[in-house]
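Working notes for the structure below.
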Amino acid sequence: MGSDPTGILLSVEDLHVRYGAVEVLKGVNLQVRQGECVALIGANGAGKSTTLMAISGLVPPVKGRIRFSGEAIDRLPAEAVVRRGVTQVPEGRRIFPRMTVMENLLLGAGQRPDRRRIAQELSEVFDLFPILRDRQRQLAGTLSGGEQQMLALARGLMARPRLLLLDEPSLGLAPKLVAQLFEVIRRIHAEGMTILLVEQNAYQALRVAETAFVLETGRVVLHGPAAALRENPAVKQAYLGG
Amino acid sequence: MSPGEFFLQQFINGLAIGSIYALIALGYTMVYGIIQLINFAHGEIFMAGAYLGLAAILLIGSIGPIGAAAGAAPALSLVLTILTAAAGCALLGLAVERVAYRPLRQAPKLSVLITAIGVSFFLQNAVMLSFGAQDRYVPPLLPVLHARIGSVTVTLMQGIVLAVSLMLMMGLQGIVYGTALGRAMRATAQDPLAARLMGIPVNRIIAVTFAMGSALAGVGGVLFGLTYSTINFHDGYLTGLKAFTAAVLGGIGNIPGAMLGGLLLGFLEGFAAAYLSTQWKNVVAFTVLVLVLILRPRGLLGERVAERA
Ligand SMILES: Nc1ncnc2c1ncn2[C@@H]1O[C@H](COP(=O)(O)OP(=O)(O)OP(=O)(O)O)[C@@H](O)[C@H]1O
Ligand SMILES: [Mg+2]
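If you read the sequences in order, they're chains A and B. Mapping to my numbering: the first sequence position 161 is 166, numbers consecutive. Mapping to my numbering: the second sequence position 64 is 578, numbers consecutive.
Here's what the structure looks like:
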C-alpha cells in the first residue's frame, strides 16, 4: 500500500450511484488527506449517506472511482474495505441491541482477533468513554441514546481504522450531549485520526473540520477550507440558519 | 405399573422423541433468525440424513475389517454413522443455500417459498430414486438393551438419543454464545448491514448457519432411523412440519426456544398418545400449538418486536 506522495488518503472521483432508476449521486468528487478531518454537509436526501455507503462497499457505483491509499476500492466487498482500514459509524448508530456493550466492542475489533491488540484498544476506548467501562455487561439496547452513540463510535474505533467515516453522529442528541460528542471527535482527531464527517449540524461540523464539501442533490456544489465555508453567505443562509 | 410410573414412562418417551424434534427445530430457527427465511426444505435434509445414516451403516457392515471392528465396538460405528450424516447434510445444506436461496436473497418471499418446495421435491425424488420408494429397514447398530427402574424402562437407544442431543445442543449454545463465530452469527441476525460494516463476511456466516442447522438435522435423521427402524423418503414431511411447529412454539429465531419447543412437542405427543390414543396425538399437539400462539404470538421464548428496533 504505502502512502500517497500527495498526502491524499481517500479520493472519490466522479462517483455515480443509482437506486433503481433514480440517480442519487451524479458525479461526486471529494478528497480526504491523511490526518485531516473533512466535513460533508448537505440537506436531507442530498446523498451524504449514499456516498459513505459507496465508500464502504455497500452500494455499487455505476460509474467513477474510489481510491484509498492510492488503490481502487470501489469493487471490493464491504469486508475487504474494512480490512484495509476504512470503518464507518453508520447513521442511526446501529449497535447490536441484544448484545452486551463488550460484545459490540469485540465485533468492532474485526474478524481476526489478536488478544493483545484488542486489550489495548479496549483500554483506550474506555479511557475515551469511561461510561462504557461501567456498562460492559449491559445489553446495548438498554443504553440511553447518548450512550448508544458513544458505543457506536467506540465500536468503530476498535477496528483501529486509518479512516473513520462518521454519519450524523449528533443526530437525536440533546444539545449538551452534542457538545460532548464533538469534544470526543475533536480529541480523536487531535490524536491523529483521519475523519470524514457527515453532519446536519453544519455549525459544529465546520468547527471541527479543516476542509468541507457541500453536497446538493448528488453533486458537490462547494468545497474549501471549513473556516472559509463558515463565512460563505450561501452556506450561512442554507446550513447555518442565516 | 402405577399411574406415577406410567407418567414417568411417557415422560421419558416424550423426552427422547422431543430431543429429535429439537435437533431439527434448531435448523429452522437458526436460518429464520439470520435471514428470516423459513427453509421448508429442511425436513428433507433431515430425511436425507436418515438415509445417509442408513448408507453409512450398510457400508460399514459391508467392508470386512471395518465391519468386524465396528461389530466389536458398536459405539464406533454409531459415531461414524452420525459423522457421515452430519457431514453429508452440512454439504447438502450448503449446496441448497448456494444454489436455491442465495440468488433469491432480495426476491419476494413467495418466490423463495416456491423454491423451497421445489427443493423439497427434488430431494425427495433424489432419495427415492437412489433408495427406492418402499420403507427401508435400518439395522440396529447397538444391542437392544434397556434399564429398568421399577416398571419404567429406558432403552439404550433412548439414552443415546438424549445424550447425543444434549451434547449437540450444549455445543451449539457454546458456539453461538461463546465464540467469535457465534458473535458474528448473532450480529448478522440482529442487523446484517451493521454486521457488514463491522467487516463480517455475511454471506459466509449465512452459509455456515445453514451448514450447522443441516448437520443437526442430519444427526436427528440418524437417531430417528435407529429409533424407529424403518425410514421412508416421505418422512421429512410430517417430522419436518412437527419440528417447524416446535420452532414456532418456542419462538422462531430463538435457539433455546427451539430446544424447549421440541421437548414440549415430544411430551405433548407422548402424553396424548398414552392417555387418549395415538390417533389423537397430532391433533392434541397442533391444538396446543394454536393455543400457545393465540396467547403468545411470538412463541414461548420469542423476542418482543421492540427489542429489534
Ligand atoms: N435503499 C434506497 N433505495 C432507494 N432510494 C434510496 C435508498 N437509500 C437512499 N435513497 C434515496 O437516495 C437519496 C439520497 O439518500 P441519502 O440517504 O444518501 O441522503 P442523505 O444526504 O444521507 O440524507 P439525510 O440527511 O436525510 O440522511 C434520497 O432521495 C433517498 O430517498
Ligand atoms: Mg443520511
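Where is the CB? At the ideal position from N, CA and C, for every residue including glycine.
Per DSSP, N639 (chain B) is one residue of the alpha helix (DSSP H) stretching across K623 to F645. A direct Cα-to-Cα measurement between G40 (chain A) and R89 (chain A) gives close to 16 Å. In this structure the stretch 52-62 of chain A does not touch the stretch 103-120 of chain A; the number of beta carbon pairs closer than 8 Å is below three. A distance criterion of 7 Å places the beta-carbon of S533 (chain B) beyond contact range of ligand 2, judged by its closest non-hydrogen atom. In its chain, beyond the 5 residues on either side, L815 have a beta carbon closer than 7 Å to the beta carbon of P770 (chain B). The Cβ neighbour count for L592 (chain B), taken over all protein chains shown within 10 Å, is at least 16; the residue is labelled buried.
The stretch 596-616 of chain B makes no contact with the stretch 526-535 of chain B, as fewer than three CB pairs between them are under 8 Å. Taken through DSSP and simplified to helix, strand or coil, A44 (chain A) comes out as strand. The distance from the Cβ of F101 (chain A) to that of A708 (chain B) is about 7 Å, consistent with a contact at the 8 Å cut-off. No Cβ-Cβ contact shorter than 8 Å links G518 (chain B) with F781 (chain B). L20 (chain A) and L202 (chain A) do not touch by the CB rule: their CB atoms are close to 18 Å apart, not below 8 Å.
N553 (chain B) has its alpha-carbon roughly 42 Å from the corresponding atom of L15 (chain A).
It is roughly 7 Å from the alpha-carbon of A217 (chain A) to the alpha-carbon of L234 (chain A). Minimum Cα-Cα distance from L35 (chain A) among the listed residues A:V17, A:E221 and A:A195 corresponds to A:V17. DSSP, read as helix, strand or coil, puts P135 (chain A) in helix. If you check the CB distance, L137 (chain A) and A159 (chain A) come in under 8 Å.
At a threshold of 7 Å, S54 (chain A) counts as near ligand 2, since its beta carbon sits closer than that to one of the ligand's heavy atoms. Proximity of chain B to Q125 (chain A) at the Cβ level (cut-off 8 Å) is not reached, the minimal Cβ distance being about 18 Å. Rounded to the nearest whole angstrom, the C-alpha separation of L737 (chain B) and A114 (chain A) is 41 Å. Put simply, the backbone Cα of L551 (chain B) is about 6 Å away from that of V545 (chain B).
Closer than 9 Å at the C-beta level to chain A, one finds no residue of the stretch 636-656 of chain B. Ligand 2 has a heavy atom closer than 7 Å to the beta-carbon of D172 (chain A). Between ligand 2 and E221 (chain A), a heavy atom-to-CB distance of less than 7 Å is absent.
Within chain A, P95, R99, I100 and F101 have C-beta atoms less than 8 Å from the C-beta of A708 (chain B), given in sequence order. Restricting attention to A:Q125, A:G47 and A:R38, the CA atom closest to the CA of E221 (chain A) is found in A:G47. Considering only beta carbons, the part of the stretch 74-93 of chain A lying closer than 9 Å to chain B consists of P82, A83, E84, A85, V86, V87, R88, T92 and Q93, in chain order. Under the DSSP definition of a beta bridge, E204 (chain A) partners with A:I46. Here A786 (chain B) has W794, K795 and V798 as same chain residues with Cβ atoms under 6 Å from its own Cβ, once five neighbours each way along the sequence are excluded. Counting only runs that start and end inside the stretch 539-591 of chain B, the alpha helix (DSSP H) elements of at least 4 residues fall at 556-576 and 578-586. Annotation for R812 (chain B): G765 place their beta carbon closer than 6 Å to its own, counting only its chain and skipping 5 residues before and after. At least one beta carbon of chain A lies nearer than 8 Å to the beta carbon of P715 (chain B). Proximity of chain B to E173 (chain A) at the Cβ level (cut-off 8 Å) is not reached, the minimal Cβ distance being about 15 Å.
DSSP places A214 (chain A) in the coil class of the three-state scheme, outside both helix and strand.
Of the heavy atoms belonging to ligand 1, at least one sits nearer than 7 Å to the Cβ of E96 (chain A). Between the beta-carbon of E558 (chain B) and that of Q638 (chain B) there is about 6 Å, and that keeps the pair under the 8 Å contact cut.
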